[in-house]
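Numbering (this note's numbering), first residue to last: 49 to 322.
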């Protein structure tokens, strides 16, 4: 009975008679590894300060040395010199690199070539051959002096001289005014050996006129209208002056309240026949 009671007491007490298991402990934190150092970029190598003497020899097409040749180098450094009578030139202070060398002399074709030198190698030596240029053509002979042109005659000897005259245009118009039945009216008011002047009174359109052998000069003394000249329409009024070359088509058209256009027309060229 006691044994059973003891067993019951043991079972009633939690954990009694049993070994106690300790609770699990968290794992220690692992340290973060430090980043690897970046590799350093290699420093550029310092430019070489080594220099050399460039020796150049220049000959002509026959192999003879050529003096007075201007030699110019274009590259890491620029140098310039002139060849001696022996055809040689020495250019000092040449640095490593590739150069464009130019050879120039009057009477010869200009020549260029490349010369390269690398530091640590023997001083550069080079040569060149220049070809003679053809002689310049002789200038053309001067043109012969031009013969003096004959002076234009101051008068026309084959035309008869006209008689002097004068007329009052307003009085003439009043005495010879165009009527309502006339579309246009022509009156010769002046005449000379090589010209003639007309008074034209235009009431209706007067188109398609032309003079093949005479130059025409027009002066509007009254009224207003339109002058057709080489396809253009020109507005004219009292005081307008116009020139119509020979062979040019022209015409008139009156406008406004005036009874007519009044135009002085001088034809120059054919002799006047009264």
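Backbone N, C-alpha and C define an ideal beta-carbon position, used for all residues, glycine too.
On a predicted model such as this, the values are computed, not experimentally measured, just so you know.
Your pair residue 135 and residue 114 checks out as a contact, with CB atoms roughly 5 Å apart and the cut at 8 Å.
Cβ contact annotation for residue 152 (same chain, cutoff 6 Å, sequence separation greater than five): 118, 158, in chain order. With a threshold of 16 other beta carbon atoms within 10 Å, residue 167 falls short and is exposed. Secondary structure at residue 268: strand, using DSSP grouped into helix, strand and coil. According to DSSP, residue 310 shares a beta bridge with 249, 270. Going by DSSP, residue 194 is part of no alpha helix (DSSP H) at all; its letter is neither H nor E. The three-state secondary structure of residue 160, taken from DSSP, is strand.
Residue 265 holds the alpha-carbon nearest to the alpha-carbon of residue 290 among 150, 102, 265, 186. Annotated as proximal: residue 127 and residue 139, with beta-carbon spacing under 8 Å. DSSP, reduced to helix, strand and coil, places residue 166 outside both helices and strands of the structure shown, so it counts as coil. Annotated three-state conformation of residue 223 is helix, per DSSP.
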